[in-house]
Structure formats: C-alpha cells, structure tokens
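Peer 1: Residue numbers (our numbering), protein chains in the order written: chain Z, 43 to 254; chain X, 36 to 650. Structure provided below as structure tokens; questions to follow.
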C-alpha cells in the first residue's frame, strides 16, 4: 500500500491570512482535526485543532476568543511531509517518530493530499481483513525459514481461503506471531488440523484463555 | 384462527443442501421434523402453506445482479472461468454453488415470509420456520451458508406495509450481521444479537459499540459473550438486556432467530450451552411476545449442525413452547433407533442436559475472569441503549455494595406556578413517599403502566446515592422528576470523588413547555451542598421523546441545553464514547463554586482521552 492509495486527495485547505474562526468552522463542518495551510497551491504550514483549542477541557466558547487572529500565527510553519509514492509504513513511522497526527502529502512543494491517523486505521482494517465476515486464527511459530509456509500448506489443503495473514514478533524470543482471517464459518477443523500438525494455534474450537 | 400456531416447513426445503460433507445439508430438515412428529407435537394440519419468494421481495434486501448470479450458478455445472465471479459474490467454500440453489433459497425466503405475513395479519399468534434464519447473507454476497437473508426480507416486507416496530432477537452463536446491516439505520427495526465474541469466531463483528446509525441509532444491540459462557451466563445476559430493550422499544412484532449452534455438542462454536438454556430462552421469548408484542412471534431455526444431539431436540423444545403441546417424558425410543448410525454419536434419551453446576460451561481456571467480562459487557450495553427509567425498572438481579446515602442536606419542598394550580416541588423523596404518590399517565411510558413508572422512581430513590426530586400536583400526581445517581461503575467519570450524575429529567406530556423541567433542575441544585459537587449530565439523542415533542434532534438538544444552563450547567466537549457517538448528543456539567482546583483538574483531564498529540 502506497501513501497515494491511503491518503485523502484534494483536502480542504485554508490560506495563511484566514482567521482562526474560519479554520475552526471548516474543521467542524468537515469533522476533521487538521488543515493544511496553502498559498497558491504551495504548502506553507499545517494547523491542528489542538492549536486552536489549547485546553480542550474548556467550554467551546472560550476558544472562540482566539477567533480573530490569522491562521499564520498559530500554525506549524515547517511541517513534516511525505511523498505520495512512499510506502504507507514509512509514513506511519514518520507519524510515530514525530508524535504527530497528520502528514501533508507533497509533490514538488505542491500539496496533493493529506494522510491522517484515521487513514492509517483504515489501512490497518484492510490489512487485518476485519471488515469481511471471517474467522480469526492465531499461531505462534518458531522464527525459522519455512515455518509459515508449512502452516499455510495445512490450511490450503483443507480448501479454506485465507483473506489476510499478518505476522509480528512473537511472545517469546525466537518466535513469530501470526494472525490470519479465514473466509469460513467452519474454522474449527482448520485449527484442529494445525494443532494436529504440531503448530501452536488458537481459534474457534480452541479459543485459549480469555487474555490471549 | 387467532391464537393458533403453525410450522412453515415441508419436504421441499430439503433442497437447501450444500451436499455431502457440508454442515448445512438436507438431513437437518428430516432429522428435526421427524422428531416433532415422533413426539406427537406436530401433525399435517399444523403446516403453513408457502410459495417461493417473488423477485420483488428478494430485491427488498438483495441487489438484482447478485440474485442473477445465484440463478446462473444454480445450473448443473459451472465453468472454471466463472470462479472469480463466484468468489466475488461469496459463492465458494462455505457457500459453494449446488444445482437448484436459486429455487431452494427462494423457498426458504418464502417460508419466512408466509410465517411473518400470517402473524402480522393476526391469522396466527406464533409461527415457526425451522429451515430459515439465514442471518449472514448480505446485500450482494452469500455468507456463512446463507444465500438469501430470509428474515431481513420478511421483516422489510412487514415494515413497508405497516408502520410497525419489529424487534429481532438473534440467539445464534454467530453474530446476526446480515440482519443488523439491513436495518442499521432503520428506526422501525431493533436488532438484538447475543453471540460468542468475534475475537475468534465468525463473522468477527457484533461489538458492543455497533449501535446503529441515525435515524436508527441505538437500535442495533450486541452482546458479545465469552467462549464457555454456559447456560447461566447466557441467560443472565439475556435477562439483563432483551426484555428491557423490548420495554424501551415498544415493538408490535417479535421475530427471533433461535440458532442452536451454541450447544456444547455442536461443532461450530464454544459457548457451551445446553438444551436447558434453549428451553428457558423459549419460555422467556414466549412471555416477552405476550407482554410486549400482543403475542405476535415468529421464530426461525437458524444455525445448528449436530443432527443427533442438538438440532432435533432444540426444535422440539421450541415448538412445544410455542404450540403449548407437552413433550413426552423421554425422547421417543423409536425415533432414536431410526436415527442410530454406526460411528455417529447417539441421540440422547432425555430432552434436557443432565443437571450441571450453576456455571455449567465455565469450569476451571479463567471462569471468574470470563464471568466478569460478560458482566462488564452487559453493563456497558445497558448503559448505552437503555434510558435510566428502563434500567431502573429492569434491574440486574444482583446486589451492589452500597455506599450510604449522602447525609448533607435535609428534604425540602417548594412551589412552581403551573397553569391551573401550583405544583409542589419536593427533593430527597424517600421510596415510601414515591410509592404513595400517583403518576401522571403522560410520561414517555418506557414502561407502560403508571404503577410501574412509580416503582421505577422508588427504586432509584433506594439506590445508595439515588436522589429523586419530583413535581407533583395538589392531589399527589407526579408530573415531572429529576433523578440524581452515582455514575455507573466502570464508566469514565465513575471513580471521581464528589461527582454525581443527573441520570434523568422527565416531564409528563401534558405538562411540558410550562418551565417545569427547568424549575425542577434549579430546585435540585439549590442546596448549598451542591457547591462542593460536580454534577454531570449526558443527553443521548436516542433516548429523547422526539415523537411526542415534534422536535428535530438538534432542536430538542437546544431546548435541553437551555434548561440545563438555567440551572448553572455548561456544555463541555468530551470524547466519552457514548456522548461522542452522535452529533446531537450533549454533555453538560455543573461545577460547584467550592470544588477544589485538584478535583476540577481531575475531572477535566478525563473529558478528552483519545486525542493524541496533534501537530
């Protein structure tokens, strides 16, 4: 998945001399928390809801005292940006490293889109396949070549279609955790076959303790 | 014929058969119906005639190109080149095409339609469609053995023809996702699904916070329960949620999906239920239909795949309950002998599972943890979907450690001028007084009888921190009230010291627009002790009586906000999920003048939680 596939293209923007009140109104209307600030299509900054409402515990009305000032005074002037042809995981790392909520997507200084936390959530949903009816099967495999392939062969031989397979570092050193979503209501035989073949598997029929 | 019952099934339904080795095969129909006949609770006169569903009915729920694909793949053999298209419509694996599947699916839908039509027309009181309840099917996709969503189709037909509310209760071990999706924004249909959590189990959805979309917000209810929940835990969850939802929703018709695949001997889930649970559920649904739906009840068979130990007995127990016909003492020996097959588990001789400990499904380590999880789930659902008066009217039968009532102020009485005669305002009403007062019939009537409404108020007054302030007429008729409570345990503001919640403000229909609500609120917060307290109130749009008031949600919100502001409340932003769920929802707080800075800060720091450092 590339940034271009996950981002929102042609986002709503504000000009640097627009008022804070206007920016706030645009955010409320669109129900988003970040606005790129552009001049002539070129990115000059980003303004976040947090910049406009410094203490969000206060009544909404108090924040409106800021309303008359121009956006340029409160925006972040040199935001971290990303290019649309980067892989989405690179963008995720930028968001995490800089502890920020959005990345303007820029080609040659021109703003082409915006990638926010919410966009990444949607990528996550797709990667895990949770928006399709399916059964969840988890595995803990030895972290050696071929282990994942052998497990998948067991599943494939039962004629079951796997919608997604995600792997992550396992609970113990030298292991890998695997989360799959199988496109079947009858997943207990799959789990049973994996266990019979010597794998550590949880899923329907073998749900494991409540905490895992 | 009213008062009669029928079964919408015959041998034609055996055509719904995915073939040998598949859990959903024609043997289900024969295995089930043969036991009903052998037990002499079903005769030929009990069968309701039905026809295959018409295309127009199927298209209430499904897209035409999907239905055409189902018809196309019903031929004797399909080309390998069609594989990709078949997969795109879900016609693969679990739902592999079989010859004649189009006609079979139309028959299933036809049976459910006939059952719902007959009950809606009051030709029958109850109807049972055993081979039905294909609750997973989506608008353009076959899912989980379900080619067409017969229940959704039949319900949609009913609500198009009548301005009715339909309560759909789904007891299958799997989430009733297809039916929920069909009515996710429909205020006429309330879907309630009890199922094993989607953490592992198919289809993976059915979380507590799937609540529906406006204008049907709050009318999708989900109770995801832990694996190994067992009979007792399942029934506790059912009791705590299903009837109160019915009381709040006021349905005209009950449609249920009585899937029995949660049984401990059934291969497809881990809920560990027994036939004892199924019998109890049948009794409760029967009572609910007569209490809340004028007796109108359509049950569908749903899932269940063990044809010796589970499905036949589950159907027999349900139909015996619906028809009022008694089962023989034992499962007929002749039927068991006829079913016996080598290498298959033997059909049990008793209708009910041998008696087991209270937590039948949850022995060993982890039992307490899963019980606690289920209780948290139940509490969250009740809080999200049930207005306070309904929660109080249908309490969870379980004691809660009391904290002692607040000793800070004495009861008072005041006056509010109202058209006709002045109203008496009274705070700290004890339960004994509330039980002596009458109640105006013009309350929203979550609970229909005034008697019940009065009992609701008395129960709130008996809560440890419960405080009821009423406005009543000179004759002692309650026309409005404010209830102040401790925030429910486990909720965001629950553990803060010196914080109480306005649980409900309600004025009877004939007494609105006279300033009663705002007078009551001002009177409530008048005692000096409130200057040491934080009082919160959340207005959840789907609890509002928009019907009677004739206001839009946003207009209602403005009125409500004004009423609270007059009593010193201010609107605050919060991402507390119940409030953030809908734009019309409202969160107000009144922070007393002597509340310490530390307490105020502890409170405001909880308002917004989800917001991460933003750029």
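Each residue gets a CB set at the ideal place from its N, CA and C atoms; glycine is no exception.
1. With 7 Å set as the bound, which would you pick, yes or no: does the beta-carbon of residue 598 of chain X sit closer than that to a beta-carbon of chain Z?
2. If residue 251 of chain X and residue 287 of chain X are in contact, beta carbons under 8 Å, what's the gap, nearest whole angstrom?
3. At the level of alpha carbons, what is the spacing between residue 227 of chain X and residue 214 of chain X?
4. Express the C-alpha separation of residue 489 of chain X and residue 477 of chain X in angstroms, rounding to a whole number.
5. With a threshold of 6 Å, establish whether the CB of residue 191 of chain X neighbours any heavy atom of the ligand COA.
6. Short of 6 Å in beta carbon distance, which residues of its chain neighbour residue 68 of chain X, apart from the five on each side in sequence? Order them along the chain.
7. Contact between the stretch 376-390 of chain X and the stretch 224-241 of chain X is defined here as three or more beta-carbon pairs at a separation below 8 Å; is this criterion met?
8. Buried or exposed: which applies to residue 530 of chain X, given that a residue is buried once 16 or more other Cβ atoms fall within 10 Å of its Cβ?
9. I need the DSSP call for residue 84 of chain Z, collapsed to helix, strand or coil.
10. In chain Z, what lies closer than 9 Å to residue 270 of chain X by C-beta?
11. Determine whether the Cβ of residue 179 of chain X lies closer than 7 Å to any Cβ atom of chain Z.
12. Between which two residues does the beta strand (DSSP E) holding residue 257 of chain X run?
13. Per DSSP, residue 623 of chain X is paired with what?
14. Quick one: list the residues of chain X neighbouring residue 244 of chain Z, beta-carbon separation under 8 Å, in chain order.
15. Can you find at least 3 beta carbon pairs, one from the stretch 311-329 of chain X and one from the stretch 465-472 of chain X, that sit closer than 8 Å?
16. CB-CB under 8 Å to residue 417 of chain X, same chain, minus the five flanking residues each way: which ones, in chain order?
17. When the Cα atoms are used, what is the spatial distance from residue 48 of chain X to residue 178 of chain X?
18. Comparing the C-beta of residue 259 of chain X with each C-beta of chain Z, is any distance below 7 Å?
19. Report the residue ranges of all alpha helix (DSSP H) runs contained in full by the stretch 128-197 of chain Z; include only those spanning at least 4 residues, in chain order.
20. If you follow the beta strand (DSSP E) that residue 271 of chain X is in, where does it begin and where does it stop?
21. If we ignore side chains and look at the alpha-carbon of each, how far apart do residue 51 of chain X and residue 87 of chain X end up?
22. Kindly indicate which three-state DSSP category residue 346 of chain X falls into: helix, strand or coil?
23. Express the C-alpha separation of residue 81 of chain Z and residue 59 of chain Z in angstroms, rounding to a whole number.
24. Does DSSP classify residue 506 of chain X as helix, strand or coil?
25. Can you tell me whether residue 640 of chain X is helix, strand or coil according to DSSP?
26. Reducing DSSP to helix, strand and coil, say where residue 223 of chain Z ends up.
27. From this set, Z:222, Z:244, Z:154, which residue's C-alpha is nearest residue 83 of chain Z's C-alpha?
28. Counting only Cβ pairs nearer than 9 Å, list the residues of chain Z close to residue 212 of chain X.
29. Return the CA-CA distance between residue 158 of chain X and residue 424 of chain X, expressed in angstroms with no decimal places.
30. Please list the terminal residues of the continuous alpha helix (DSSP H) segment that includes residue 72 of chain Z.
31. Express the C-alpha separation of residue 78 of chain X and residue 45 of chain X in angstroms, rounding to a whole number.
32. Anything in chain Z within Cβ reach of residue 612 of chain X, meaning under 7 Å, just list it in chain order.
33. In whole angstroms, what separates the C-alpha of residue 638 of chain X from that of residue 229 of chain X?
34. Based on Cα-Cα distance, which residue from X:304, X:515, X:524, X:382 lies nearest to residue 66 of chain X?
35. Consider the Cβ of residue 172 of chain Z: report whether some Cβ of chain X lies at a distance smaller than 7 Å.
36. How big is the Cα-Cα spacing for residue 152 of chain X and residue 189 of chain X?
Peer 2: The answer reads as follows:
1. no
2. The Cβ separation is near 16 Å, so there is no contact.
3. 10 Å
4. 13 Å
5. What this structure holds is no ligand at all, so the ligand COA is not there to describe.
6. none
7. no
8. exposed
9. strand
10. Those within 9 Å of residue 270 of chain X in chain Z number zero; the least Cβ separation is about 20 Å.
11. yes
12. 255-260
13. X:572, X:606
14. 235
15. no
16. 275, 276, 279, 426, 431
17. 19 Å
18. no
19. 130-140, 159-170
20. It is not in any beta strand (DSSP E) - residue 271 of chain X instead sits in the alpha helix (DSSP H) that spans 265-284.
21. 12 Å
22. helix
23. 9 Å
24. strand
25. helix
26. strand
27. Z:154
28. 175
29. 35 Å
30. 62-72
31. 12 Å
32. Per Cβ cutoff of 7 Å: no residues; residue 612 of chain X is ~15 Å from chain Z at best.
33. 35 Å
34. X:382
35. yes
36. 8 Å
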